[in-house]
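> Dropping a structure here in structure tokens format, bear with me for questions.
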Amino acid sequence: MLDLQFVRANLELVEAKLRARGADPATLLGDFRALDLQRRQAITQAEQSKARRNELSQQIGALKKAGPDGAEAAAALMEETRVLKEQLDNLDRAAAALDEELRQSLARIPNLTRDEVPVGASEADNLTVKTWGEKRTFDFTPKSHWDLGESLGILDLERAAKLSGARFAVYFGAGARLERALISFMLDTHARQHGYTEVLPPFMVNSKSLYGTGNLPKFAEDLFRCSDADADAAGRGEYKDSDHWLIPTAEVPVTNLYRDEILDEARLPISFTAYTPCFRAEAGAAGKDTRGIIRQHQFQKVELVKFTRPEDSEPQHERLTRDAEEILEALNLPYRRVLLCTGDTGFSSAKTYDLEVWLPGQNLYREISSCSNFDAFQARRANIRYRPAPRAKPEFVHTLNGSGLAVGRTWLAIVENYQQADGAILIPEVLRPYMGGINTIQRES
RNA sequence: GGAGAGAUGGCCGAGCGGUUGAAGGCGCACGCUUGGAAAGCGUGUAUAGGGGAAACUCUAUCCAGGGUUCGAAUCCCUGUCUCUCCGCCA
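Pasting the structure below:
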């Protein structure tokens, strides 16, 4: 969420930033100025009536204490207050309605992208800022991970469909172990070498948490909700703390750890790494990436989350992105870093780097991590603050997160990049200790 | 699932219809004291919104949402969460 005072004072800038995203300022902002003015007038009116009521009530109290003479005078005042109260209820209702309208329109405005983000309409306008690693040359035609996985007996999509439907996977044997090895390797690397604290959060969250990270109210259709979760209520701006949704990413529970808290400045930056499964309805992705395990309803991910002082978020964003890149480098997987353009940057993000891994089986680069700086956008929604100095006013922190990495996509990147002519998969050096010392995955007899 | 107790500021903790935005303590800041520190003493220490150039002022907030009342942290209802005991369970 943007700051109301900021939007009020910088309406032209906000409009320009919305246009850069390809959004229509008129739709998102509506008659912002008029609504803002109406709201403030309504609040002033209602508060003046309240002030009068409070004043009368105090007089009544004083008079009643004074004795029987006072009590008579008090009765007259009580009558005046009773009349005042009816007007007040109406004024209060009007003010609350306008306030809610403004709040909701504010909550639907995406974050402002940073100035260095290239202006563009779609992923075609993203900017590749670096490319790492040598693409391996094969003396045979590299296969896709779904062919390799099936023939090795480590991946079973048909049985997964029987169990759960399309877009689910079952892993067997070394395939299951590879997934687990990747999780451990990533967590260990981030915790021991990159200074993150490991955290294991709940895999279900309430709607308030989803509001905090910006997933609600706009993106309810992307989420799996449990039967006690109410998407209609969320659409009306009612965020409950007694309902449950499956998390689409660990970003949601981990960022919300400090919702409604004031953090000690000395603790910043705070860095967490978390492994969780992620659940996505993939609404609107029908027909996209239907083969293999690129796009699943459930996938595993190791996430990186940081809380920083505003002035530190830019360098911390670079570090976090490097932390994710180092996993790819340790696994010797070729990748490139892409700075997303304004039109491709997510709703809550001010600046996003995507890391794209090379997939020889499909002859293309594919997103494997997305590292974003949210500035104060999420912190404002989730009310996460810190105190810059001992007696100073609390300020909103900046939040950041990135995949470090998407485990399922790392799994398939290894399978495709490390495939051998006979269909076996070589295990990257760093993973061997996590794989019980085996060097290759071969067809089990 | 059953029974009971509770939820107050950065933290602990009083208050249980009317100068209570909230005693007291801790923490923190500033000052005094000191060779320097500690201790001690003094002063100050919530958030959001409205009005105002500012000084300042008003409104709301004692888990959340309703209600009673001229007036609610205080009384009533509903919900959520926490703790204790019992049951069940990985």
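So for the first sequence, our numbering puts the first residue at -5; every next one is plus one.
We put the beta carbon where it would ideally sit given N, CA and C, even for glycine.
Source: prediction; values computed, not measured.
Using the rule of at least 16 other Cβ atoms within 10 Å of the residue's Cβ for burial, across every protein chain shown, is E410 buried or exposed?
Translated into positions along the first sequence, residue 410 becomes position 416. Classification of E410: buried, given that the 10 Å Cβ count is 16 or more.
> Based on the DSSP output, what are the partners of F266 in its beta bridges?
Counting from one through the first sequence, the residue named residue 266 turns up at place 272. According to DSSP, which records beta bridges pairwise, F266 is partnered with T191, V299.
> How many Å lie between R228 and Q32 at the Cα?
As a working note, residue 228 is residue 234 in the first sequence. As a working note, residue 32 is residue 38 in the first sequence. Sequence inspection shows Ala at residue 228; the Arg mentioned does not correspond to that position. If you take the alpha carbons of A228 and Q32, they lie about 26 Å apart.
> Cβ atoms of F179 and Y428: under 9 Å apart, would you say?
Along the first sequence, read from residue 1 onward, the residue named residue 428 stands at position 434. Along the first sequence, read from residue 1 onward, the residue named residue 179 stands at position 185. In this structure, F179 lies closer than 9 Å to Y428 by Cβ.
> If I follow the unbroken beta strand (DSSP E) through H392, where does it start and stop?
Numbered from its first residue, the first sequence carries residue 392 at position 398. H392 -> beta strand (DSSP E) spans 392 to 400.
> Please report the distance separating the alpha-carbon of L5 from that of S99.
For this step, residue 5 is matched to residue 11 along the first sequence. For this step, residue 99 is matched to residue 105 along the first sequence. Computed Cα separation, rounded: 14 Å.
> Check whether the region 6 to 15 touches the region 100 to 110, counting contact only when three or more Cβ pairs, one atom from each stretch, lie closer than 8 Å.
Contact between the region 6 to 15 and the region 100 to 110 is present, because at least three Cβ pairs lie under 8 Å.
> Note the first and the last residue of the continuous alpha helix (DSSP H) segment covering L353.
Translated into positions along the first sequence, residue 353 becomes position 359. Element bounds for L353: not the alpha helix (DSSP H) but the beta strand (DSSP E), 345 to 353.
> Tell me, please, whether the region 246 to 263 touches the region 123 to 136 by the rule of three or more beta-carbon pairs shorter than 8 Å.
At 8 Å Cβ cutoff, the stretches do not touch.
> Let me check understanding here. Comparing Cα to Cα, which of F266, E245, D283 lies closest to C272?
Mapped onto the first sequence, residue 272 falls at position 278. Of F266, E245, D283, the residue nearest in Cα terms is E245.
> Would you report the Cα separation of R174 and S116, rounded to the nearest angstrom?
By 1-based counting over the first sequence, the position of residue 174 is 180. By 1-based counting over the first sequence, the position of residue 116 is 122. Distance between the alpha carbons of R174 and S116: 35 Å.
> Sorted by chain position, which residues of the same chain lie with C-beta nearer than 7 Å to L(-2)'s C-beta, five sequence neighbours on each side aside?
On the first sequence, residue -2 is found 4 positions in, with the first residue counted as 1. If we look at L(-2) and ignore the five residues flanking it on each side, its Cβ neighbours are L100.
> Report the rounded CA-to-CA distance for N367 versus T434, giving the unit in angstroms.
Your numbering for residue 367 matches position 373 in the first sequence. Your numbering for residue 434 matches position 440 in the first sequence. C-alpha separation (whole angstroms): 38 Å.
> For L92, which of helix, strand or coil comes out of DSSP?
As a first step, residue 92 must be located in the first sequence, where it is residue number 98. Note: L92 maps to helix in three-state DSSP.
> What does Q294 pair with, by DSSP beta-bridge criteria?
For the purposes of this step, residue 294 is identified with residue 300 of the first sequence, where counting begins at 1. The partner list for Q294 (beta bridge, DSSP) reads P271.
> Just to check my reading of the structure: L325 and P422 have Cβ atoms closer than 8 Å, yes? What is that Cβ distance to the nearest angstrom?
Walking along the first sequence from the start, residue 325 turns up at place 331. Walking along the first sequence from the start, residue 422 turns up at place 428. Confirmed, Cβ separation roughly 5 Å.
> When you compare each of E74, E232, A400, Q42 to Q294 by their alpha carbons, which one comes out closest?
If you number the first sequence from 1, residue 294 lands on position 300. The candidate whose alpha carbon is nearest that of Q294 is A400.
> Over what stretch of residues does the beta strand (DSSP E) that includes Y205 continue unbroken?
In the first sequence, the residue the question calls residue 205 occupies position 211. Y205 -> not in any beta strand (DSSP E); alpha helix (DSSP H) instead, spanning 201 to 207.
> N48 lies in the alpha helix (DSSP H); which residues open and close that run?
Translated into positions along the first sequence, residue 48 becomes position 54. 26 to 60 is the span of the alpha helix (DSSP H), which, as asked, contains N48.
> Looking at the unbroken alpha helix (DSSP H) that takes in E245, where does it start and where does it end?
In the first sequence, residue 245 corresponds to position 251, counting from 1. Counting along the chain, the alpha helix (DSSP H) containing E245 begins and ends at 245 to 249.
> On the DSSP bridge assignment, give the partners of T122 in chain order.
By 1-based counting over the first sequence, the position of residue 122 is 128. DSSP lists V332 as partners of T122.
> Near E215, what residues of its chain come up, given a Cβ to Cβ distance below 7 Å and the 5 sequence neighbours on each side ignored?
Position 221 of the first sequence, counting from 1, holds the residue named residue 215. Counting only Cβ-Cβ distances below 7 Å, and skipping sequence neighbours, we find A275, A277.
> How would you label E319, buried or exposed, when you count the other beta carbons within 10 angstroms and need 16 or more for buried?
Along the first sequence, one-based indexing puts residue 319 at 325. The residue is buried, with at least 16 neighbouring Cβ atoms inside 10 Å.
> Have a look at G337 and D348 and give me their C-alpha separation to the nearest angstrom.
Counting from one through the first sequence, the residue named residue 337 turns up at place 343. Counting from one through the first sequence, the residue named residue 348 turns up at place 354. If you take the alpha carbons of G337 and D348, they lie about 14 Å apart.
> Exposed or buried, what is T243 when buried is set at 16 or more other beta-carbons lying within 10 Å of its beta-carbon?
In the first sequence, residue 243 corresponds to position 249, counting from 1. Looking at its Cβ environment, which holds 16 or more other Cβ atoms inside 10 Å, T243 is buried.
> Check whether the region 327 to 334 touches the region 343 to 357, counting contact only when three or more Cβ pairs, one atom from each stretch, lie closer than 8 Å.
Short answer: they touch.
> Taking L92 as the reference, give the member of Y412, R27, N120, L121 with the closest Cα.
Along the first sequence, one-based indexing puts residue 92 at 98. Selected option, being the one with the closest Cα: R27.
> Is it right to say V77 is buried, meaning 16 or more other beta carbons lie within 10 angstroms of its own, or is it exposed?
Position 83 of the first sequence, counted from the start, is the residue given in the question as residue 77. V77 should be labelled exposed.
> Distance check for P384 and G231, CA to CA, integer angstroms please.
Position 237 of the first sequence, counted from the start, is the residue given in the question as residue 231. Position 390 of the first sequence, counted from the start, is the residue given in the question as residue 384. Spanning the two alpha carbons is a distance of roughly 35 Å.
> Among the candidates R330, T315, A415, G281, whose CA atom is the shortest distance from the CA of H184?
For the purposes of this step, residue 184 is identified with residue 190 of the first sequence, where counting begins at 1. Nearest C-alpha to H184: T315.
> Touch check for the region 255 to 270 and the region 356 to 370: three-plus C-beta pairs under 8 Å?
No, they do not touch.
> My guess is that Q436 and A418 are in contact by the Cβ rule of under 8 Å, so how many angstroms apart are they, rounded?
Start at 1 with the first residue of the first sequence, and residue 436 comes out as number 442. Start at 1 with the first residue of the first sequence, and residue 418 comes out as number 424. So it is a contact: roughly 5 Å between Cβ atoms.
> With DSSP as the reference, please indicate the residues paired to W405 in a beta bridge.
As a first step, residue 405 is located in the first sequence; it is residue number 411 there, counting from the start. Paired residues: none, contrary to the question.
> Along the chain, where does the beta strand (DSSP E) that runs through S364 open and close?
Translated into positions along the first sequence, residue 364 becomes position 370. Taken as a continuous stretch (DSSP letters only), the beta strand (DSSP E) holding S364 covers 358 to 367.
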